[in-house]
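All residue numbers for the sequence shown refer to my numbering, where the first residue is 3 and numbers rise by one. Note that beta-carbon positions come from the ideal geometry of N, C-alpha and C, so glycine has one too. Structure, as structure tokens:
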Amino acid sequence: MRSVAITNIGRLVTNDPSLGAGLLGELRDAAMVIEDGRVAWVGASADVPAAERGIDAEGRAILPGFVDSHAHLMFAGDRADEFAARMAGEKYAAGGIRSTVAATRAATDEQLEARLVALAAEMRASGITTFESKSGYGLTVADEARALEIASRHTAETTYLGAHVVPAEYADRGKTGVDEYVNLVKNEMLAATAPHAKWIDVFCDRGAFDPDQAREILLAGKSVGLAPRIHANQLQHGDGIRLAVELDCASADHCTHMTEADIDALAGSNTVATLLPGAEFSTRAEYPDARRLWQAGATVAIATDCNPGSSYTTSMPFCIAVAVRDMRFTPEQAIWSATMGGAKALRRNDIGHLRLGARADLVQLTTDSHIHLAYRPGVNLIHSVHTAEDFA
Ligand code: NIG
Ligand code: FE
3 MRSVAITNIG RLVTNDPSLG AGLLGELRDA AMVIEDGRVA WVGASADVPA AERGIDAEGR
63 AILPGFVDSH AHLMFAGDRA DEFAARMAGE KYAAGGIRST VAATRAATDE QLEARLVALA
123 AEMRASGITT FESKSGYGLT VADEARALEI ASRHTAETTY LGAHVVPAEY ADRGKTGVDE
183 YVNLVKNEML AATAPHAKWI DVFCDRGAFD PDQAREILLA GKSVGLAPRI HANQLQHGDG
243 IRLAVELDCA SADHCTHMTE ADIDALAGSN TVATLLPGAE FSTRAEYPDA RRLWQAGATV
303 AIATDCNPGS SYTTSMPFCI AVAVRDMRFT PEQAIWSATM GGAKALRRND IGHLRLGARA
363 DLVQLTTDSH IHLAYRPGVN LIHSVHTAED FA
């Protein structure tokens, strides 16, 4: 058995209130022992048991690695000009996705994989130790299948998003074309992608798919063993959030436009409300009220939504800072949502916390307090990032 003791941790966030103080189960002057990549002991630094190897945290803070439960990393090109036009007053619309679809179809497998690897490295440098990645910029059977096959080499959390938008060659033919595309997504494209995907997602919003189409597609995915999640209520009010609850989706993502009924539905469900601060930031949209969701009893996650259109960031600390400043979260709530909340949105019990038995996925900050993640926006506070494999 390989054991490592990390001592002199200024503040240790465990996310287990039975191990330490408050929501984050925080210990001061703490230590932890990791055996074969799993957390085996947590307590006061003075009481640490012997281990084969030691790491001195020199007073720095340690927290669970961030869990990014929503990202779109399989694409080519970028849309910097579209962003600049938006900042000059243009509105964000789902249709912009089609320009990334053209670039993605034209890219080689190697180019797509290299982009994903580069973005995953950025994520890791920002403290993300688990990430999800969606397809959705190929929108042909072969392009969606290759996107997921490539992504599955790098993460277990792969999501089939053939229902991102209706591609131009179908949309141009009106309702007949749209119906044909929905059929393709539910049948041939689903069959080709399912072997490489764990999740199925639909962009259920203005300019994309309506709730009836979303229900049909998600049920087809469920019938072949994919678990559902939804892009809901980003661009307007609608039935997406309630559909997520109806289908027991792991998560309803965006939730930018919410009614009291939406909040109540989420609060009484197993569906996580995943907020994407980078998307509101980069589309200059109104921020949803995270505190209201939290107080109602909903489980909330924060994710990057990394994609070239609405949120081209891989930085979870940035998302935390924005969620605190503009979504009315406390730093503790935002940090919980970026760790435990993300794990719940992926229905994972082994990550997002540092309880006994957890994977030793952790982030060491350059400072002694996790609060600095929101208090010092834009400053790189990541000292080092480890995953269980590093200790095994
Ligand atoms: O999550 N909302 C839909 N999909 C992405 C944006 C995609 C794009 O604009 O390229 C999102 O924000
Ligand atoms: Fe998204």
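Asked	Found
Any chain B beta carbon closer than 9 Å to residue 334	Among the chains in the structure shown there is no chain B, since it carries only a single protein chain.
For residue 203 and residue 240, believed in contact at Cβ under 8 Å, the rounded distance	Their Cβ separation, rounded to whole angstroms, is 16 Å, which puts residue 240 and residue 203 out of contact at 8 Å.
Short Cβ contact (9 Å threshold) for residue 348 with residue 101	no
For residue 310 and residue 172, the rounded distance between their alpha carbons	23 Å
Sub-9 Å separation of residue 338 and residue 10 beta-carbons	no
Start-to-end residues for the beta strand (DSSP E) that takes in residue 136	130-136
Top-ranked residue by Cα proximity to residue 269, from 246, 285, 289	246
The segment 52-72 in contact with the segment 346-360 per 3-pair CB rule at 8 Å	yes
Per-residue DSSP class, three states only, for residue 156	coil
Cα-Cα separation, residue 452 to residue 275	For the chain, the structure presents residues 3 to 394; residue 452 sits outside this window and is missing.
Whether residue 77 touches residue 110 by CB criterion (9 Å)	no
Whole-number beta carbon distance between residue 324 and residue 332, since they are thought to touch under 8 Å	So it is not a contact: roughly 14 Å between Cβ atoms.
Inter-residue Cα distance where the pair is residue 182 and residue 148	21 Å
Residue nearest to residue 413 in terms of C-alpha spacing, selected from 152, 92, 95	Here the chain has residues from 3 to 394 only, and residue 413 is not among them.
Top-ranked residue by Cα proximity to residue 341, from 114, 21, 66, 362	66
Inter-stretch contact at 8 Å, needing at least 3 Cβ pairs: the segment 248-268 / the segment 285-294	yes
Segment limits, beta strand (DSSP E) that includes residue 409	One cannot answer for residue 409 here, as it falls past the ends of the chain, which runs 3 to 394.
Distance cut-off 8 Å: residue 71 Cβ against heavy atoms of ligand 2	no
Within 9 Å, strictly: CB atoms of residue 7 and residue 56	yes
Cβ neighbours of residue 15 in the same chain (closer than 6 Å, five flanking residues each side left out)	26, 28, 65, 372
Residue 230 beta carbon near ligand 1 (any heavy atom closer than 8 Å)	no
CA nearest to the CA of residue 81, picked from 336, 312, 271	312
Whether residue 286 touches residue 94 by CB criterion (9 Å)	yes
heavy atom of ligand 3 below 8 Å from residue 24 C-beta	Questions concerning ligand 3 fall outside what the structure shown contains, since the ligands it does hold are ligand 1 and ligand 2.
Cβ shell of residue 42 (< 6 Å), same chain only, five flanking positions each side left out	35
DSSP three-state assignment for residue 339, whether helix, strand or coil	helix
Sub-9 Å separation of residue 362 and residue 392 beta-carbons	yes
Given residue 271 as reference, the closest of 248, 281, 279 once Cα atoms are compared	248
Outcome for residue 121 when other beta-carbon atoms lying within 10 angstroms are tallied against a minimum of 16	buried
Simplified DSSP assignment, three categories, for residue 215	helix
Residue range of the beta strand (DSSP E) that includes residue 66	64-66
Beta-ladder partner(s) of residue 139, from DSSP	In DSSP, residue 139 forms no bridge with anything.
Any non-hydrogen atom of ligand 1 closer than 8 Å to residue 202 Cβ	no
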